[in-house]
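Numbering (the UniProt record's numbering), first residue to last: 1 to 344.
Glycine included, every Cβ here is placed at the ideal spot set by N, Cα and C.
What follows is one structure encoded as C-alpha cells, with my remarks underneath.
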Amino acid sequence: MDISAFGEFELIARLTAGLAVPASGDIGVGDDCALLDLGRGDLLLATCDSQVEGVHFTLQSSPLEHIGRKTLAINLSDIAAMGGTPRYALVSLLLPPRLSIEALDGIYAGLRAQAQRFDTAIVGGNISSTGGSPQLVIDITLLGTVERGHALLRSGAHAGDLICVTGSLGDSAAGLQTFLRPAANVSPQDLQALRERHTSPEPRVREGQLLGSLEGGKVTAMLDISDGLSGDLTHLCERSGCGARVDLASIPLSSPLLRVARSLQHDPLDWALHGGEDYELLFTLRPSALDEVRSALQQQCATPLTVIGEIQPLTSGLTLSYPDGHSEPLHPHSWDHLKKENKV
C-alpha cells in the first residue's frame, strides 16, 4: 500500500502513534507548534513547514520575493497561533540544477525582508540538490518563545464560547482561482488584492501576541486557518472535545472576493469554508470578553474581529446555521497535502 491511500492527517496519526510521550509541561504533536519547557523563563515554540514548487507555488505565477515571504509567513503564522514571538529560523533549500541564481536571489530577498520585518534571525540551514527532480523545495524550521502561562492551545474551548476570526476568509482561494481560470469584468485592483492574499499572506503575529497576553483566560483556544475554516475548526473541536455552530451569514467576506465570485459564478462561502491558506486566526472567546478583545485588536492592530458562531457540546457535532434558521452538518473539506488534485 502506498501513501496515496492515506489522507494527510491519517498519515500524521500513523507516524506519531509510537512517539514517546513528551515530558511534563511539553506538548508535542497536535497544535500549531511543539511547546517545550526547558525549565526556566519562557517556553520554547518549534515549528517547520515546506513549500514545494508545483504544489504550493510556481515560478511563473508568483513574484520571486513573494515566494520567499510566503515560505516564512506560514511558519510565522504557526507561532502567532500560539500567542508567541518568533526568534530564529533555519532554512533548508533543495535546489534543482536548472534554477537560475537570479531566481534564488529574488526568493531569498523576500525571505530576508520578511525575517527582518518580524525581528527573526536566520541562523543557519542546509543546501542540497534535488538530483533528478525539477522541483524547488524550501523548508523552514522556526523557533519562538511564549511567556509561561500564556500559550494558546487548540484544546481549551468550552461550550458557550464564541467562535471568532480575524480579517476576512476565502481571499487566498479566490486569488488562486484567478490564476487558474480567467475572471471577466474584474478590475486589476481586485485581481491584485486577491492574488497577493494567495502569494504573500500576512501572518497575524502582532494579533496573536495580543491575544496571548490577555489575562484571565479570556481567549480559550486558538489556531491559524491554513487548511480551511471547516478543517481547522474540526481540529480545534477534536482537541477540545466539543461541537460547534457556524453562522453562515456572519462569515466575513471581502468585496474583491464577492466580485470575483460573481465573475466566476462560484459560491464565495465555498472558498471561505474550505479554501485554506488565509492564515487568519481562528479562536474561541469567553462572551464577557468580546468588547474588550474586539476593541484591543482594532486599536492596537487595526484588525477586525468577527464572531462567526458558538462552541457547542460534543453531542451537537459541527453544524452550519443558515439565515432562514435551518441547520445542516458541517463536513470538513479542506486542503490535504496528499491529495493528487492539490496542485497549483
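CB contact flag (residue i, residue j, <8 angstroms)
| i | j | result |
| --- | --- | --- |
| Ile-311 | Ala-157 | yes |
| Leu-236 | Leu-223 | yes |
| Thr-85 | Gly-160 | no |
| Gly-170 | Trp-271 | yes |
| Gly-241 | Leu-314 | yes |
| Leu-153 | Ala-221 | yes |
| Leu-94 | Val-137 | yes |
| Ile-67 | Ile-163 | no |
| Ser-172 | Pro-134 | no |
| Tyr-88 | Arg-204 | no |
| Val-123 | Leu-90 | yes |
| Val-293 | Leu-282 | no |
| Arg-239 | Ser-155 | yes |
| Ser-92 | Gly-54 | no |
| Val-146 | Gly-231 | no |
| His-318 | Leu-233 | According to the sequence provided, residue 318 is Leu. The question's His does not apply to it. Result yes, Cβ atoms of Leu-318 and Leu-233 sit closer than 8 angstroms. |
| Leu-257 | Ala-184 | no |
Backbone CA spacing between residue i and residue j [nearest angstrom]
| i | j | result |
| --- | --- | --- |
| Asp-227 | Arg-98 | 31 angstroms |
| Glu-328 | Glu-215 | 36 angstroms |
| Gly-217 | Arg-286 | 8 angstroms |
| Leu-330 | Ser-128 | 43 angstroms |
| Pro-252 | Ala-103 | 36 angstroms |
| Arg-69 | Ala-115 | 8 angstroms |
| Leu-180 | Ser-288 | 44 angstroms |
| Thr-284 | Ser-77 | 17 angstroms |
| Leu-111 | Thr-130 | 21 angstroms |
| Pro-323 | Ser-250 | 9 angstroms |
| His-266 | Ser-255 | 14 angstroms |
| Thr-16 | Val-186 | Any reading at Thr-16 needs caution, since the residue's pLDDT is 49, under 50, leaving its predicted position unreliable; the model's value is listed next. Their Cα atoms are separated by approximately 46 angstroms. |
| Thr-303 | Ile-225 | 16 angstroms |
| Ala-261 | Ser-62 | 21 angstroms |
| Gly-212 | Asp-190 | 33 angstroms |
| Gln-299 | Glu-196 | 25 angstroms |
| Asp-49 | Ala-121 | 17 angstroms |
| Leu-320 | Val-219 | 23 angstroms |
Residue i versus the options, residue with shortest Cα-Cα distance
| i | options | result |
| --- | --- | --- |
| Asp-119 | Leu-290, Arg-262, Arg-206 and Thr-303 | Arg-206 |
| Arg-148 | Asp-42, Asp-49, Gly-125 and Asp-32 | Asp-42 |
| Leu-45 | Val-52, Leu-35 and Gln-51 | Leu-35 |
| Gly-208 | Pro-304, Leu-95 and Ala-81 | Ala-81 |
| Asp-139 | Val-165, Ser-133, Gln-299 and Ile-74 | Ile-74 |
| His-326 | Ala-296, Leu-305, Leu-248 and Asp-291 | Leu-248 |
| His-56 | Ala-302, Gly-276 and Pro-332 | Gly-276 |
| Leu-264 | Ile-101, Val-52, Thr-178 and Gly-106 | Thr-178 |
| Val-52 | Ile-79, Leu-229, Cys-301 and Pro-96 | Pro-96 |
| Ile-79 | Gly-39, Cys-33 and Arg-117 | Cys-33 |
| Leu-297 | Val-165, Val-246, Thr-199 and Ser-316 | Val-165 |
| Pro-332 | Leu-229, Ser-316, Pro-268 and Val-246 | Leu-229 |
| Glu-65 | His-274, Tyr-108, Val-219 and Asp-37 | Tyr-108 |
| Gln-60 | Cys-301, Ser-316, Leu-320 and Thr-199 | Thr-199 |
Per-residue DSSP class, three states only, for residue i
| i | result |
| --- | --- |
| Glu-147 | coil |
| Ala-46 | strand |
| Tyr-88 | strand |
| Leu-111 | helix |
| Asp-31 | strand |
| Ser-316 | helix |
| Gly-39 | coil |
| Ala-121 | strand |
| Leu-104 | helix |
| Lys-340 | In this prediction, Lys-340 has a pLDDT of 47, which is less than 50 and means its spatial position is unreliable; what the coordinates show is noted afterwards. Note: Lys-340 maps to coil in three-state DSSP. |
> Fully enclosed by the segment 50-82, which alpha helix (DSSP H) runs are 4 residues long or longer?
Replying inline: Scanning the segment 50-82 for uninterrupted alpha helix (DSSP H) segments of 4 residues or longer gives 64-81, listed from N- to C-terminal end.
>> Restricting to runs no shorter than 4 residues, where is the alpha helix (DSSP H) found entirely within the UniProt domain "PurM-like C-terminal" (159-312)?
In response: Fully enclosed alpha helix (DSSP H) runs of 4 or longer: 171-180, 188-199, 205-213, 229-240, 255-264, 268-274 and 290-301.
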